[in-house]
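Be aware that the sequence shown starts at 78, since it is given in this note's numbering, and climbs by one per residue.
In what follows, a structure is listed as structure tokens, so that the remarks can point back to it.
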Amino acid sequence: MAAEMQGGNFAHGGMPSVQSDLVMPLFSLKGRTAIVSGAGAGIGLSVARGFAEAGANVAIWYNSNKKALDEAAKIEKDFGVKCKPPSVRAGLICPGLSVTPLFPGHTNKKTTIIGKAYSVNVQSWDAVRDAVDQIVKEFNGRLDVFVANSGIAWEDGPFIDGPIDRMQKVLSVNIDGTFYCARAAALHWRRQKQEGTTVDGQKLDNFRHGSFIATASMSGHIANIPQAQTVYNASKAAIIHACKSFAVEWVGFARCNSVSPGYINTEITNFIPAETKNIWRDKIPMGREGEPEELKGAYLYLASDASSYATGIDLLVDGGYCAV
């Protein structure tokens with residue numbers, strides 16, 4: 078940030094605007110590389126599918142949820158690929174994914190999309206760094222978008238009686254994992270902006286800046302009721318503020334934002350009793366939980382040039398919960 082801010086003042090024109098008379102091309106991710114962590118199911122999987130639909134090469138990360146391997150194959154099938162990817166230690170390799178472009182300005186030819194799944198422990202800085210470096214080398218030598226979506230819930234009630242080791246686990250996955258992902262991605266974006274090349278020295282086309290998106294939660298804004306989950310809430314509040322701070326640190330080479338979903342119908346809430354979920358619905362103006370697919374647009378907006386002037390924001394998608 079030193080070059081972008083001197084004496085407390087930011088450099089003028091440090092991140093140029095995107096010039097386009099049409100809106101739909103701004104949402105295209107054609108030719109770009111995206112990594113989505115925690116993408117074996119739920120929100121992360123929906124985001125990965127949305128990015129692939131928009132033309133991105135997508136690397137799916139998972140930890141213990143090996144459904145990611147099947148889901149990677151399903152993405153290929155749904156988007157028209159014809160390949161039988163071999164199984165390797167890192168996950169599933171798909172040599173090519175053919176998708177018909179959906180955005181004005183694209184050619185009528187099919188675009189080759191790469192899709193792979195990787196098993197990554199986000200609690201390890203070495204594992205995160207090595208996975209990002211490997212993906213950049215294996216894809217097209219670049220990184221454009223990173224979605225830090227890995228996270229776990231607190232299921233143990235009031236913290237005063239909860240297990241300390243579980244607290245440490247939640248904070249490690251939710252906070253440390255996000256920080257590690259942010260650092261690993263930002264190192265590539267800073268280099269790409271400084272050198273203007275791919276990792277193998279080729280001229281880097283169509284790169285203005287990176288986009289980091291962290292999955293926070295409306296729980297980072299409120300104290301949920303009736304369930305007690307202070308540890309989880311605090312972890313998500315930390316993510317929201319970290320993204321605001323990263324947005325300032327990274328000015329010139331990357332944007333950083335967060336998305337705060339409300340109650341979403343995913344596996345992470347399977348442990349919640351039905352009567353508790355009914356209480357949730359009583360307090361949601363839209364009267365229901367959201368579906369993972371309803372978040373794709375928010376993430377695509379922040380990943381793409383459509384949000385070129387948005388950095389340091391938290392986007393609430395909660396059915397109106399925080400409005401009342």
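Every residue gets a Cβ at the ideal spot worked out from N, C-alpha and C, and that includes glycine.
| Query | Result |
| --- | --- |
| Span of the alpha helix (DSSP H) holding R402? | Absent from the structure is residue 402, since the part of the chain shown begins at 78 and ends at 401. |
| To which residues of the same chain is A375 closer than 7 Å at the C-beta, ignoring the five residues directly before and after it? | V336, L392 and V394 |
| Starting from the Cα of T388, find the closest Cα among H286, D359 and I356 and give me that residue. | H286 |
| Report buried or exposed for R109, applying the criterion of at least 16 other Cβ atoms within 10 angstroms of its Cβ. | buried |
| How is the beta strand (DSSP E) around C402 delimited, first residue to last? | This structure cannot settle anything about residue 402, because the visible part of the chain is limited to 78 through 401. |
| Any idea which residues DSSP pairs W231 with across the strands? | The partner list for W231 (beta bridge, DSSP) is empty, contrary to what the question assumes. |
| Would DSSP call Y386 helix, strand or coil? | coil |
| From what residue to what residue does the alpha helix (DSSP H) around Y255 run? | The sequence shown places Thr at residue 255, rather than the Tyr named in the question. Start and end: G254 to E272. |
| By the DSSP assignment, the beta strand (DSSP E) with G287 in it spans what residues? | G287 to T292 |
| Should R365 go down as buried or exposed, given a rule of 16 or more other Cβ atoms within 10 Å for buried? | exposed |
| In angstroms with no decimal places, state the Cα-to-Cα distance between A262 and G84. | 27 Å |
| Can you list, in chain order, the stretches of the beta strand (DSSP E) that have 3 or more residues and sit fully within the region 307-384? | 331-338 |
| Using a Cβ-Cβ cut-off of 8 Å (strictly less than) and excluding sequence neighbours within five positions of V247, which residues of its own chain qualify? | I229, A230, W231, V308, Y309 and S312 |
| Would you call the region 216-226 and the region 287-307 in contact, with 3 or more CB pairs under 8 Å? | yes |
| From P181 to P102, what does the alpha carbon distance come to, in whole angstroms? | For P181, the predicted model reports a pLDDT of 37, less than 50, meaning its position is unreliable; a value from the coordinates is still stated below. Computed Cα separation, rounded: 6 Å. |
| Among P350, P303 and N283, whose alpha-carbon lies nearest the alpha-carbon of A133? | N283 |
| Check whether the Cβ atoms of V199 and S227 sit closer than 8 Å, and answer yes or no. | yes |
| Could you give the first and the last residue of the continuous alpha helix (DSSP H) run that contains D203? | W202 to E215 |
| Label P240 either buried or exposed according to how many other C-beta atoms from any shown protein chain fall within 10 Å of its C-beta, with 16 as the threshold for buried. | exposed |
| Use the C-beta contact count for C399: other C-beta atoms within 10 angstroms, 16 or more gives buried, fewer gives exposed. | exposed |
| Quick one: Cα of K186 to Cα of H298, how far? | Unreliable positioning characterises K186 in this predicted model, as indicated by a pLDDT of 40, which lies under 50. A coordinate reading is not provided. |
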